[in-house]
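Counting with the numbering used here, you get residues 82 to 590 for the letters of the sequence shown.
Below: the structure, in structure tokens.
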Amino acid sequence: KEKQISACRYVGWITNPYPVFLPSRGPKVTYVPPPLPEDEDTIFAHYASGINFNKYDDILVDVSGLNPPQAIYTFKEACLCESLERNVAKSGYVKPTPVQKHGIPIIAAGRDIMACAQTGSGKTAAFLLPILQKLMADGVAASSFSEQQEPEAIIVAPTRELINQIFLEARKFAHGTCVRPVVLYGGISTGHQIRDLLRGCNVLCGTPGRLMDMIGRGKVGLTKLRYLVMDEADRMLDMGFEPEMRRLVGSPGMPSKEERQTLMFSATYPEDIQRMAGDFLKKDYLFLAVGVVGGACSDVEQKLVQVTKFSKRDQLLDILKNTGTERTMVFVETKRQADFIAAFLCQENVATTSIHGDREQREREQALGDFRSGKCPVLVATSVAARGLDIKDVQHVVNFDLPNNIDDYVHRIGRTGRCGNTGQAVSFYDPEQDNQLARSLVKILCSAQQEVPSWLEQSALGAHGTSGFNPVGRVFASTDSRKTGGFQSGGSDQSSAAPSAAADEEEWE
Ligand SMILES: Nc1ncnc2c1ncn2[C@@H]1O[C@H](COP(=O)(O)OP(=O)(O)OP(=O)(O)O)[C@@H](O)[C@H]1O
């Protein structure tokens, strides 16, 4: 963290009466991404929901807080305006997922929300649809005449690729309407982004650094803001991003939490983060839990393989021989390791690309594009790609290195098994390295009804501080910290506000 702070420069009172810290800019970024395709086939391209989509209905849902509105069961009941309803249908959505059934009416009723639902279960549309519906119903329209844009909604997410994906979803749902979404993130020419912003902006999607930069430059005003959305909210409030989030809500013009709606979404919510989130939400916010808070998606078959440090590469090759051209994400802990493993696989004639924080934005986008298209069916990634990315046909996730935080594990394996599709995750467990994760892994496996290897159970029982260790726990965990006075999550023993060591050194945004 200190490293991060020392890499910041202080930007004083020249453009803004409030002090803002901006990341030190380094060499000028000139990358301008290619223009977005405008044809409807590309805008509405989607993959089919899987055989387990209807099983979402069996997941237990708990809404806690005072006077929650009734859930909806169809998109019709959401009373979306015609264009939005049409865009939802063109996106291939027939029926809302549980987080949408409950989340959409909560947001439409003007309530703040902290929502927790498993990876790949449609959280993005759960917040986008009610926001766009309200903006359209109120007839907002983007104005390109103003040198300062004042969006009605701001959405923040931790990584460039994720915020771009959210922007593309917003653009898809807002297609053919007067509502204009814009995206801001690092690694792209600032001039290019300012020009795009000034063409008009109602829904601003941004990573925190670039967003604060634009606020500091006076290009974004906050006085019209009605919605503040934190996707991957636990990550946005951990030690890495919390100061920036506090600066955002303390920025001049930002409506107080009583005057705006604040919406938080994630698949994981460590206890300390959940408590701190209360600082950003109205007192009567609703806590929506779909299934086990912090639990892994049960459509992912999880396998743990005991390895030694030196056998990992051979084991990886064996796995990739079997997966063939099926898309596989391989997670490693460090940027150096990502380069090293990607080079190794290329040498072994496995078409591989990589994504991590040391790669230029152009390379990151190229890598993701090559992986999406299948040109490179293997993507080696650091945790920068662990959260939120929704890529068609990712059938396998390999944790070459396990993360040191169980929530990262849940997000990583959630890159497969999305939207009712099935997927497989194989994790290399090195007893010398990963022992501290044993208990949390057992809990996660149990709560997702997965087989627990006996050696892992033994490690968990032998692990430090196992008194009261109950791997099965509760089938359904209503874990609104206001209700329990404590926290009982699906498996987040190792969760904490501290981002992993590797995350610390990542160029997230
Ligand atoms: N009601 C629906 N019907 C069909 N497909 C849907 C529906 N809702 C969402 N999807 C699709 O499901 C996929 C996963 O959705 P999304 O990315 O919003 O998941 P998420 O819950 O945000 O996951 P993560 O926790 O990994 O961020 C996307 O391709 C999305 O378009």
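Note that beta-carbon positions come from the ideal geometry of N, C-alpha and C, so glycine has one too.
Predicted, not measured: the structure shown is a model, and the values here were computed from it.
Limits of the unbroken alpha helix (DSSP H) element including M357: In the sequence shown, counting from the first residue as 1, residue 357 sits at position 276. Annotation: the continuous alpha helix (DSSP H) that includes M357 extends over 352 to 358.
S202 (DSSP reduced to helix, strand or coil): Locating residue 202 in the sequence shown gives position 121, counting from the first residue. Coil.
Is Q151 buried or exposed, if buried means 16 or more other CB atoms sit within 10 Å of its CB? For this step, residue 151 is matched to residue 70 along the sequence shown. Per the 10 Å Cβ criterion, exposed.
Any chance the segment 429 to 439 sits against the segment 375 to 384, with 3 or more Cβ pairs inside 8 Å? These segments do not touch.
DSSP three-state assignment for N657, whether helix, strand or coil: With the chain running from 82 to 590 in the structure shown, residue 657 is simply not present.
C-alpha gap between G272 and F248, whole angstroms: Walking along the sequence shown from the start, residue 272 turns up at place 191. Walking along the sequence shown from the start, residue 248 turns up at place 167. Taking the CA atoms as reference points, G272 sits about 19 Å from F248.
Give the straight-line distance between the Cα atoms of S164 and W536, rounded to the nearest whole angstrom. By 1-based counting over the sequence shown, the position of residue 164 is 83. By 1-based counting over the sequence shown, the position of residue 536 is 455. Each residue's alpha carbon lies about 55 Å from the other.
Contact between the segment 304 to 311 and the segment 343 to 359: three or more CB pairs below 8 Å? Three or more beta-carbon pairs separated by less than 8 Å link the segment 304 to 311 to the segment 343 to 359, which places the two stretches in contact.
Between the CA atoms of I212 and F125 - distance to the nearest angstrom: Position 44 of the sequence shown, counting from 1, holds the residue named residue 125. Position 131 of the sequence shown, counting from 1, holds the residue named residue 212. Just so you know, the alpha carbons of F125 and I212 end up roughly 19 Å apart.
Any heavy atom of ligand 1 closer than 7 Å to the CB of V284? For the purposes of this step, residue 284 is identified with residue 203 of the sequence shown, where counting begins at 1. At a cut-off of 7 Å, the beta-carbon of V284 does not count as near ligand 1: no heavy atom of the ligand is closer than that.
With a threshold of 7 Å (Cβ to nearest heavy atom), would Y174 be considered close to ligand 1? For the purposes of this step, residue 174 is taken as residue 93 along the sequence shown, with counting starting at 1. Yes, ligand 1 has a heavy atom inside 7 Å of this Cβ.
Can you check whether the CB of A223 is closer than 8 Å to the CB of I185? One-based indexing of the sequence shown puts residue 185 at position 104. One-based indexing of the sequence shown puts residue 223 at position 142. Going by beta carbons, I185 and A223 fall outside the 8 Å limit.
Find out if the Cβ-Cβ distance for the pair T409, T463 is shorter than 8 Å. Locating residue 409 in the sequence shown gives position 328, where the first residue counts as 1. Locating residue 463 in the sequence shown gives position 382, where the first residue counts as 1. No, the pair does not count as a contact, with Cβ atoms beyond the cut-off.
T45, buried or exposed, once every other Cβ within 10 Å from all chains shown has been counted against 16: This structure does not reach residue 45, given that the chain is present from 82 up to 590, and the question cannot be answered.
Using the Cα positions of V388 and Q539, report the straight-line distance between them to the nearest angstrom. If you number the sequence shown from 1, residue 388 lands on position 307. If you number the sequence shown from 1, residue 539 lands on position 458. Roughly 16 Å between the two C-alpha positions.
Tell me whether the beta-carbon of G146 lies closer than 8 Å to the beta-carbon of Q181. Working through the sequence shown from its first residue, we reach residue 146 at position 65. Working through the sequence shown from its first residue, we reach residue 181 at position 100. Not closer than 8 Å, so no.
In angstroms with no decimal places, state the Cα-to-Cα distance between S562 and P179. By 1-based counting over the sequence shown, the position of residue 562 is 481. By 1-based counting over the sequence shown, the position of residue 179 is 98. One C-alpha to the other measures close to 21 Å.
Do you know whose CA, among G201, E242, A170, lies nearest A448's CA? As a working note, residue 448 is residue 367 in the sequence shown. Checking every option, the nearest Cα to that of A448 belongs to E242.
Taking the runs of the alpha helix (DSSP H) that are 4 residues or longer, which of them lie wholly in the segment 420 to 489? For the segment 420 to 489, whole alpha helix (DSSP H) runs of length 4 or above, ordered along the chain, are 442 to 454.
Is there contact between the segment 253 to 263 and the segment 282 to 291, where contact requires at least three CB pairs shorter than 8 Å? The segment 253 to 263 makes contact with the segment 282 to 291: 3 or more CB pairs, one atom from each, lie closer than 8 Å.
Between the segment 451 to 469 and the segment 362 to 375, can you find at least three pairs of beta-carbon atoms closer than 8 Å? Output reads no: the segment 451 to 469 does not touch the segment 362 to 375.
Please determine, among F452, M335, T349, the residue with the shortest C-alpha to C-alpha distance to A314. Numbered from 1 along the sequence shown, position 233 holds the residue referred to as residue 314. Comparing Cα positions, the closest option is T349.
Terminal residues of the continuous alpha helix (DSSP H) containing P262? Here residue 262 is taken as the residue at index 181 of the sequence shown, counted from 1. Counting along the chain, P262 falls outside any alpha helix (DSSP H), though it belongs to the beta strand (DSSP E) covering 262 to 265.
By the 10 Å Cβ neighbour count, where 16 or more other Cβ atoms means buried, how is L141 classified, buried or exposed? Here residue 141 refers to the residue found at position 60 of the sequence shown. Exposed, since its Cβ has fewer than 16 Cβ neighbours within 10 Å.
Roughly how many angstroms separate the alpha carbons of N403 and V459, rounded to a whole number? To locate residue 403, count along the sequence shown from 1; it is residue 322. To locate residue 459, count along the sequence shown from 1; it is residue 378. The C-alpha of N403 lies about 13 Å from the C-alpha of V459.
Is any heavy atom of ligand 1 found at a distance shorter than 7 Å from the C-beta of P458? Within the sequence shown, numbered from 1, the residue matching residue 458 stands at position 377. Not one heavy atom of ligand 1 falls within 7 Å of the beta-carbon of P458.
Would you kindly work out how many angstroms separate the C-alpha atoms of I494 and A506, rounded to a whole number? Here the question's residue 494 lines up with position 413 in the sequence shown. Here the question's residue 506 lines up with position 425 in the sequence shown. Distance between I494 and A506, taken at the CA atoms: about 6 Å.
Would the C-beta of Y490 count as close to ligand 3, meaning under 7 Å from any of its heavy atoms? Annotation note on ligand 3: not contained in the displayed structure, which lists ligand 1 as its ligands.
For D474 versus Y137, is the C-beta spacing smaller than 8 Å? For the purposes of this step, residue 474 is identified with residue 393 of the sequence shown, where counting begins at 1. For the purposes of this step, residue 137 is identified with residue 56 of the sequence shown, where counting begins at 1. In this structure, Y137 does not lie closer than 8 Å to D474 by Cβ.
Contact test: T155 Cβ vs ligand 1 heavy atom, cutoff 7 Å: One-based indexing of the sequence shown puts residue 155 at position 74. The answer is no for T155.
Starting from the C-beta of A584, find all residues in its chain whose C-beta is less than 7 Å away, skip the five residues before and the five after it, and write them out in chain order. By 1-based counting over the sequence shown, the position of residue 584 is 503. Here A584 scores only 40 on pLDDT, less than 50, and its place in the model should not be relied on; the value that follows carries that caveat. Result list for A584: G321, S464, in chain order.
Just list the residues that DSSP pairs K384 with in beta bridges. Residue 384 sits at position 303 when you count from the first residue of the sequence shown. According to DSSP, which records beta bridges pairwise, K384 is partnered with V507.
Which word fits A189, buried or exposed, when buried means at least 16 other C-beta atoms lie within 10 angstroms of its C-beta? Residue numbering aside, residue 189 sits at position 108 when the sequence shown is read from its first letter. Buried, because 16 or more other Cβ atoms sit within 10 Å of the Cβ of A189.
Since I believe Y266 is in contact with I244 (beta carbons under 8 Å), could you give me their beta-carbon distance rounded to a whole number of angstroms? The residue given as residue 244 occupies position 163 in the sequence shown. The residue given as residue 266 occupies position 185 in the sequence shown. Right, the Cβ-Cβ distance comes to about 5 Å (below 8 Å), so this counts as a contact.
Consult DSSP for D138 and reduce its assignment to one of helix, strand or coil. Here residue 138 refers to the residue found at position 57 of the sequence shown. Reduced to three states, the DSSP call for D138 is helix.
Please classify S227 as buried or exposed, where buried requires at least 16 neighbouring CB atoms within 10 angstroms. As a working mapping, residue 227 is identified with position 146 in the sequence shown. So S227 counts as exposed.
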